[in-house]
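Visitor: Chains as they are written, first to last, in my numbering: chain A, 1 to 1180; chain B, 1 to 121. For each residue, glycine too, the CB sits at the ideal point set by N, CA and C. One structure coming up, written as structure tokens, with questions to follow.
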Amino acid sequence: MAPPMPPIRRPSSGRPVAFVAAVLGGGVTLVAVALALSAMEPSPFTSRGVPGALGVTVSVVVALLAGPLAGIVVALVGGLAFAVFVGEEELGTFVAAGVWAIAALLAGTIAERYRAAGRERDLAHAAERHARQAAESESERLTNLQALTARLATASTVREVADALVDSVTSAFGATAAWIARLSADGKELVVIGSRGYPPGSVERSERFPVDTPLILSDALSSGSVVTISNPAEALERYPMLGSLGPEYPLGAQAAAPLLAGDTILGAVGIAFDRARRFTQEDEALLLAIGRQCGLALERARLFEVERRGRERAIRLRELASALAAASTPGEIADIASDRVYPLLGGRTGIVGAVSTDGEAIELVTEEGFGPEGAGSVERIPLSSGRPEAEVVRTDEPLFLGSPEAMRSRFSELGGPPGGDRAWAGVPLRASGRTIGVLSVSYAEPQAFDDREIAELETVAEQLALALERSMLQRSREEAVRLEARVERVKAVSEAMNPGLRVDEVATAILAEAAEALGAAAGGLGVVTADGRNFEFMSTIGTVEGTAERVPVETRGPNTDAFRTGRVVRIERAEDWRREYPKGSPLLGEFAEAVLGVPISAAGRRIGAIGLRFDRERSFSPDELRFMGALAEEAGEALERARLFEAEQRALRRAARLQDVTARLSRAVTTEDAARAILRAATGGDGGEAAAIALAEDEGRSLRVIPGQMSRGTLRLRPPFDLPVTDHGALAHVYRSGRAQWVESEAAWTERFAEDLEALSVLGTCMYAVPIVARGQPIGALAVFFREGSSEPSSEDIELMRSFAQQAGVALERARTYEVEHEAAVTLQRNLMPEQLAPELRVEVVGRYLPATRGVHVGGDWYDLVDRPDGTVALAVGDIAGHGLPAAAAMGQVRSAWRALALSSTDPSAILGSLDRFAMSVEGAFFSTIVTMLFDPSTNELRYASAGHPPAMVIDADQTSRFLEGGRSVPLGLAFDLPRPQALEILTPGAVLVLYTDGLIERRDESLDEGLRRLRSAGMRLAGAPLPEVADALLDLVAEERHDDVALLAVGPRLPEEVFRRIFPADAEQLAAMRSELRAWLDRSGLPPETKEDVVLACTEAAANAIEHAYIGRDGDIRVVGESENGWLKIEVSDDGRWRDPRPDDSRGRGLELVRTLIGDIDVERGERGTTVRMRVGVT
Amino acid sequence: MTGADLATFEFEPRERATVVRIRGEVDLSNAERLHDELSSRVGEASWLVLDLSGCHYLDSAALGVIATIHARCRARGVQLRIVVPTSAATIDRVLAITGMDGVLQVDRSIEEALALADAAG
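Rendered as structure tokens:
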């Protein structure tokens, strides 16, 4: 740089003053000469001296002012004019003119000379001035350069350099705007590093342009020298894009120079003016000089920055190292990576991945830990994948991809760099001699990856690897500890488990533990069923409702497969799941990312499996697998314990049920009782939902089926039906074959027993049926119905059912025997009954018979009466020694004999005598007792004789009662021709006579006298009561549980005709008789025939109601009482039963409505003790 | 008397109709028997004629049976006719009271019922 020049003094200009002085001097001189000349007479001027002086003066002045030529012309013209006009055409005048001209010539020439000299002087002055100005401008530039240099010297960053430059260059050139751009590292782009004066948005820092963009900077770069453009038109022509930069953009002269550091072009600087301008060589030189200065400064700043960054980096690397050294969890590592590692390495983002425990994938290290959680789209990178991270781990070599092209060329299948990354680097993380992970960094800029960068990456990787290894160790240690703790907990739980827990409760606890420990989304614990054919899920988590509860063990699925093979089913990827289980599994469904199935064994036997489904792909660590193994072991033990406990409980319940049914059956008297007991035992609790019992009838030609259904703890019998024994159904088959049958489903049923389905399907379609055998003979079958889909009953359950069937066999056989005998007894009873209802009988008689409740004591006691032609009535009550059918048979014979004798003989004593002999010849009649009487209603005379029989009782109308103690002798067959005494008694009017057998008064724990006392006092209380009431009340004295049967005959005076009183068993068969008697009575009532029939219908309906609803399942009486009173006919139909509301579909409901319609005046009173229907019709 | 002889049910198959003659009394004791006998005959012919000419007593149980048979006939497309002579005022009355006279097709004589059956083909 040139040294500063000394200031140049500017020369002052004296030109106009000198000129005026010269003219004035010349003029004065001329005037003086002229005056002097004129003073010389007769000089040419003497005569005309003044005009001559004037002429000379004018000429000289003109010559002075306008040049010599003009002076001469003026002198000549003046001289001529003077000569002409003055008229002194004398030579002197012409000479004078010549003198003037010469003077003008002289003066003009002198003036001209003088003027030329002045011009020259001016020129010299101008040159001097110019030189001075140039020197000044150069000095300014130098000053600018100096200032720039000074600023650049203090600029330590590229940015400061750039700012200094644009400031300097605008002021140096008086430019409107300036900008500076550096060449990118790859030399392909210009990056704006500073600008000034441009409108916002047109030239901004960091803007990039490809180097071939038509811009003046590009030209400066490519030419390596200054480029200038003087006017807007040219600028627009060369750089058309300038036209689009808006009105603010300084679109005028432009200039640019390269930034040079030595021979290296680092970038370019440009200036712009808002007007046209010429650029001098100096301008260009200055711009170039500035460019050079800046280039050097930039280079220096860059180097300085590099150095500083290096220093900072070193510091940050040290910090990073210490941070990593302190990191022990994946979360910390992830934090450090994202906060420090990637920025430090100049990357945009990156990945730290750990090789998974199974060594097959890279799991991302995230803030949440290892593996997929929380990370972005890539959570787990299989090592087999085409991703660069996988390759780095596979090859164990760093991989540097410095540009998008490099990235694309290596990993084209990834579709180029993601997220606009322009460079990528991956370094394996090695620790303890093996690759445990990978660090990858993505860059926003292409990278050169020089040695320093690579070294840095490797240093960071080393530190990361150490931290990662530590955290992985920590993780596995923690996991091990965690799982160990869980195993301990499960053990504790399992040990603490109430031994009373059910299998499903144990299963639920174990499954919850497993699912929680491994983070499963769904799962199930299943055990094999007792028959080994099915797999039953005891507990499920997260599965869709309605998934299979039970599947055949052959079904494909993680649970069943683990169970069958005894090996762990381990699926860690969705694609493996799809391959292994293309149809999914019945429990876990169609889709799964990862699945684990672990078999459960107990006592060396596989009993089930746990299956877990995960909603993301994952691997299972050895620790997790160990945990599951331990859990499965615990599960096995706990489940087995629960199973055994359940089995024990079931056994206890079975025993209880068996006991219960035994007890019930022992009380069962009738087939229905027995069937009910069996059906109840077979259903409810552990039993079936319904059951049916089939009994062979009609000598094995048909089966009577009694179905029963459990409904909310109550057994409801359904209507029985009959099947021919040849029926194709299951029950008939079981009965015929004597073999049990298991029918598991409707399909099996239809296939095997099509024709039975209809009748029994109401009960269910899953059935186990066993034959019922009594004394080695099949007598029926018992079928138990289970919920559809139940498994075959266990051997214990089958055994239980067989026990039921066996018990049932015995009980049913007994009940049948009882029923046969009971029926026989009932038949015998019925044979005794008809005459008591004969309307023409002159006394009212009520007979009662109660069979013994214990054992089959039937047929021993009897009563009978004969309406004799002479108007008397013969009565008898007897008791055949012995019990059962032989006794009944004997009784029949004795009774027949008595009837014959009673018709022919009027003498009770004689009757007994004849019976004595008869009894000797009839087996079973020996030692029978009998009381026989003959009553004459017209005289109230009663003759009687008793053969060892308890005394008859008389209840008098005055409320006294007594026994007829007379006419007593020994039982039949013992008299040996001894006389049989008899007695005579006249009954008081209204007295009631009661004959009975010892069953009425005998009780086990008291004497006979007490029984007699009780009977007598009861009789007193009953004085005046209607006969049936008397009979029933007396029977009430008898204990519910009786070992003996009871016969009772009550005889009273026939009531007046005004009253109709009929009592009959609640049996539909009795209705017709009642109707005919009622009609007979009504015939005398005076009712019109229509009304009569209405009353009959109404009474029948009311009675039928009682039969159907009041006495269900038990015997009872219906009373119809009618009386005529004050022009009204009142009829009462009553029963002692408990009313049950008729079902809506019942015709009886209609019946009662019918009664209401027929008889307007009707009242129905329902009470605990029975129902009474009262009707009233007017007799007109 | 028992249910067995309380009423008799005679069946007389005709060309187009099954005629059932019910004689005697029908009540709870023999209604079920009537039901069993009748239900097995429904559908034998396209007409079923219940001749109640000889019946002098009919209770609600019997009506229930007739109603059931009536429903079954309808289901099978069988025409049920009930013959109740004018003399059987009681039965008429029962039918009227229960409103069944509006449901059942009642004829006054067996000839009338059969003529209808023949005419209907």
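#1: Using the beta-carbon of each residue, which ones in chain B are nearer than 8 angstroms to Ile-1107 (chain A)?
#2: Identify, in the order they occur along the chain, each residue of the same chain with its Cβ nearer than 8 angstroms to the Cβ of Val-20 (chain B), setting aside the five sequence neighbours on each side.
#3: When the Cα atoms are used, what is the spatial distance from Ile-456 (chain A) to Leu-345 (chain A)?
#4: Mind listing, in chain order, the continuous alpha helix (DSSP H) runs of no fewer than 4 residues lying wholly within the segment 38-83 of chain B?
#5: Between Gly-991 (chain A) and the rest of its own chain, which residues show a CB-CB distance below 7 angstroms, the 5 nearest in sequence each way excluded?
#6: Take Asp-1044 (chain A) as the anchor and find which of A:Glu-1153, A:Gly-882, A:Leu-995 has the nearest alpha-carbon.
#7: Quick one: list the residues of chain A neighbouring Val-94 (chain B), beta-carbon separation under 9 angstroms, in chain order.
#8: Quick one: which unbroken beta strand (DSSP E) runs of 3-plus residues sit fully inside the segment 926-976 of chain A? Chain order, please.
#9: Identify the continuous beta strand (DSSP E) that holds Leu-266 (chain A) and give its terminal residues.
#10: Determine the chain A residues that contact Ile-22 (chain B) at a beta-carbon separation under 9 angstroms, and present them in chain order.
#11: If you measure from the beta carbon of Leu-1071 (chain A) to each beta carbon in chain B, is any gap under 8 angstroms?
#12: Excluding sequence positions up to five away, which residues of its chain have a Cβ less than 6 angstroms from the Cβ of Ile-110 (chain B)?
#13: Check Phe-122 (chain B) in the structure and name its three-state DSSP category.
#14: Near Thr-1091 (chain A), which residues of its chain fall below 8 angstroms by C-beta distance, leaving aside the five closest residues on each side in sequence?
#15: 8 angstroms is my cut-off, CB to CB: does Leu-52 (chain B) come that close to chain A?
#16: Look at the alpha carbon of Phe-563 (chain A) and the alpha carbon of Ile-607 (chain A), and state the distance between them as a whole number of angstroms.
#17: Would you grab the beta carbon distance between Thr-228 (chain A) and Ala-255 (chain A) for me? Rounded to a whole angstrom, and I think it's under 8 angstroms.
#18: Which residue's Cα is closest to the Cα of Val-528 (chain A): A:Ser-206, A:Ala-512, A:Glu-305, A:Ser-791?
#19: Between which two residues does the beta strand (DSSP E) carrying Leu-644 (chain A) extend?
#20: Quick one: what does DSSP say Ala-354 (chain A) is sitting in, helix, strand or coil?
#21: At a CB-CB cut-off below 7 angstroms, which residues of chain A make contact with Glu-25 (chain B)?
#22: Between Asp-36 (chain B) and chain A, is there a C-beta pair that is closer than 8 angstroms?
#23: Give the straight-line distance between the Cα atoms of Glu-965 (chain A) and Ser-946 (chain A), rounded to the nearest whole angstrom.
#24: Val-304 (chain A) lies in the alpha helix (DSSP H); which residues open and close that run?
#25: Can you confirm whether Glu-1077 (chain A), when its beta carbon is compared against all beta carbons of chain D, has any partner nearer than 8 angstroms?
#26: Taking CB distances under 8 angstroms as the criterion, tell me whether Ile-69 (chain B) reaches chain A.
#27: Tell me, please, whether the CB atom of Glu-1090 (chain A) is closer than 8 angstroms to any CB atom in chain B?
#28: For Phe-279 (chain A) versus Pro-250 (chain A), is the C-beta spacing smaller than 8 angstroms?
#29: Under the three-state reduction of DSSP, which class applies to Ala-117 (chain B): helix, strand or coil?
#30: Just checking: is the beta-carbon of Thr-128 (chain B) within a distance shorter than 8 angstroms of some beta-carbon in chain A?
#31: Which word fits Met-241 (chain A), buried or exposed, when buried means at least 16 other C-beta atoms lie within 10 angstroms of its C-beta?
#32: Give every residue of the same chain whose Cβ lies closer than 7 angstroms to the Cβ of Gly-1011 (chain A), excluding the five residues on either side of it in the sequence, and list them in chain order.
#33: Tell me which residue opens and which closes the alpha helix (DSSP H) that Asn-1105 (chain A) is part of.
#34: Would you tell me roughly how many angstroms separate the C-alpha atoms of Val-62 (chain A) and Leu-106 (chain A), rounded to the nearest one?
#35: In whole angstroms, what is the alpha-carbon distance linking Leu-782 (chain A) and Ala-694 (chain A)?
#36: Let me confirm a value: Gly-871 (chain A) is counted as buried when at least 16 other C-beta atoms fall within 10 Å, else exposed. Which label applies?
Guide: On the basis of the coordinates in this document:
#1: By one-based count along the first sequence, residue 1107 (chain A) stands at place 1107. Within chain B, Leu-28 have C-beta atoms less than 8 angstroms from the C-beta of Ile-1107 (chain A), given in sequence order.
#2: As a position in the second sequence, residue 20 (chain B) is number 20, starting the count at 1. Hits under 8 angstroms: Phe-9, Glu-10, Phe-11, Glu-12, Glu-37, Leu-38, Arg-41, Leu-48, Val-49, Leu-50, Asp-51.
#3: Indexing the first sequence from 1 puts residue 456 (chain A) at position 456. Indexing the first sequence from 1 puts residue 345 (chain A) at position 345. Correcting the residue type first, residue 456 (chain A) is Glu in the shown sequence and not Ile. Rounded to the nearest angstrom, the two C-alpha atoms are 7 angstroms apart.
#4: Within the segment 38-83 of chain B, complete alpha helix (DSSP H) segments of at least 4 residues are found at 60-76, given in chain order.
#5: The sequence position of residue 991 (chain A) within the first sequence is 991, counting from 1. For the record, residue 991 (chain A) in the displayed sequence is Ala; it is not Gly. If you ignore the 5 residues before and after Ala-991 (chain A), its C-beta comes within less than 7 angstroms of the C-beta of Val-954, Ile-955, Asp-956, Ala-957, all in its own chain and listed in chain order.
#6: As a first step, residue 1044 (chain A) is located in the first sequence; it is residue number 1044 there, counting from the start. Across the set A:Glu-1153, A:Gly-882, A:Leu-995, the C-alpha of A:Gly-882 shows the shortest separation from the C-alpha of Asp-1044 (chain A).
#7: Taking the first residue of the second sequence as 1, we reach residue 94 (chain B) at position 94. Identification of chain A residues near Val-94 (chain B) by a Cβ-Cβ cut-off of 9 angstroms yields Leu-1097, Leu-1154, Leu-1158, ordered along the chain.
#8: Those beta strand (DSSP E) runs which fall completely within the segment 926-976 of chain A and span 3+ residues are 929-936, 941-947, 952-955, 961-964.
#9: Counting from one through the first sequence, the residue named residue 266 (chain A) turns up at place 266. That run of the beta strand (DSSP E) goes 264-272.
#10: The sequence position of residue 22 (chain B) within the second sequence is 22, counting from 1. None at all; the shortest Cβ gap to chain A is about 15 angstroms.
#11: Position 1071 of the first sequence, counted from the first residue, corresponds to residue 1071 (chain A). The beta carbon of Leu-1071 (chain A) sits closer than 8 angstroms to some beta carbon of chain B.
#12: By one-based count along the second sequence, residue 110 (chain B) stands at place 110. For Ile-110 (chain B), where only same-chain residues beyond five positions count, the Cβ hits under 6 angstroms are Asp-51, Val-83.
#13: Given that chain B is displayed from residue 1 to residue 121, the structure contains no residue 122 (chain B) and the question cannot be resolved.
#14: Within the first sequence, residue 1091 (chain A) is the residue found at index 1091, counting from 1. Excluding residues within five positions, the ones whose Cβ falls inside 8 angstroms are Val-1177.
#15: As a first step, residue 52 (chain B) must be located in the second sequence, where it is residue number 52. Interface annotation, Leu-52 (chain B): not in contact with chain A, CB-CB separation never under 8 angstroms.
#16: Your numbering for residue 563 (chain A) matches position 563 in the first sequence. Your numbering for residue 607 (chain A) matches position 607 in the first sequence. Cα atoms of Phe-563 (chain A) and Ile-607 (chain A): separation of roughly 7 angstroms, rounded to the nearest angstrom.
#17: For the purposes of this step, residue 228 (chain A) is taken as residue 228 along the first sequence, with counting starting at 1. For the purposes of this step, residue 255 (chain A) is taken as residue 255 along the first sequence, with counting starting at 1. Confirmed, about 4 angstroms.
#18: Walking along the first sequence from the start, residue 528 (chain A) turns up at place 528. In terms of CA proximity to Val-528 (chain A), A:Ser-791 leads the group A:Ser-206, A:Ala-512, A:Glu-305, A:Ser-791.
#19: Along the first sequence, read from residue 1 onward, the residue named residue 644 (chain A) stands at position 644. Per DSSP, Leu-644 (chain A) lies in no beta strand (DSSP E); the unbroken alpha helix (DSSP H) holding it starts and ends at 622-667.
#20: Indexing the first sequence from 1 puts residue 354 (chain A) at position 354. DSSP places Ala-354 (chain A) in strand when its eight states are reduced to three.
#21: Residue numbering aside, residue 25 (chain B) sits at position 25 when the second sequence is read from its first letter. Per Cβ cutoff of 7 angstroms: Ala-1072.
#22: On the second sequence, residue 36 (chain B) is found 36 positions in, with the first residue counted as 1. So, not an interface residue.
#23: The sequence position of residue 965 (chain A) within the first sequence is 965, counting from 1. The sequence position of residue 946 (chain A) within the first sequence is 946, counting from 1. Distance from the CA of Glu-965 (chain A) to the CA of Ser-946 (chain A), rounded to the nearest whole angstrom, comes to 9 angstroms.
#24: Taking the first sequence and counting its residues from 1, the one referred to as residue 304 (chain A) is at position 304. A small correction: the amino acid at residue 304 (chain A) is Phe; Val does not occupy that position in the sequence shown. Its alpha helix (DSSP H) spans residues 281-326.
#25: Here chain D cannot be found, since the structure's protein chains are A and B.
#26: Taking the first residue of the second sequence as position 1, residue 69 (chain B) is located at position 69. So no, Ile-69 (chain B) is outside the interface.
#27: Sequence index remark: in the first sequence, residue 1090 (chain A) carries index 1090 (1-based). For Glu-1090 (chain A), the answer is yes, since a Cβ of chain B falls inside 8 angstroms of its Cβ.
#28: For this step, residue 279 (chain A) is matched to residue 279 along the first sequence. For this step, residue 250 (chain A) is matched to residue 250 along the first sequence. Between Phe-279 (chain A) and Pro-250 (chain A), the CB-CB gap reaches or exceeds 8 angstroms.
#29: Along the second sequence, one-based indexing puts residue 117 (chain B) at 117. If DSSP states are grouped into helix, strand and coil, Ala-117 (chain B) belongs with the helices.
#30: In this structure chain B extends from 1 to 121, so residue 128 (chain B) is not present and cannot be described.
#31: For this step, residue 241 (chain A) is matched to residue 241 along the first sequence. So Met-241 (chain A) ends up on the exposed side.
#32: Sequence index remark: in the first sequence, residue 1011 (chain A) carries index 1011 (1-based). The residues are Ile-1001, Glu-1002, Arg-1003.
#33: Position 1105 of the first sequence, counted from the start, is the residue given in the question as residue 1105 (chain A). Counting along the chain, the alpha helix (DSSP H) containing Asn-1105 (chain A) begins and ends at 1089-1105.
#34: Looking up residue 62 (chain A) in the first sequence gives position 62. Looking up residue 106 (chain A) in the first sequence gives position 106. The alpha-carbon separation between Val-62 (chain A) and Leu-106 (chain A) amounts to approximately 11 angstroms.
#35: Translated into positions along the first sequence, residue 782 (chain A) becomes position 782. Translated into positions along the first sequence, residue 694 (chain A) becomes position 694. Approximately 6 angstroms between the Cα atoms of the pair.
#36: Position 871 of the first sequence holds residue 871 (chain A). Residue burial annotation: Gly-871 (chain A) is exposed, with fewer than 16 other C-beta atoms found within 10 angstroms of its C-beta.
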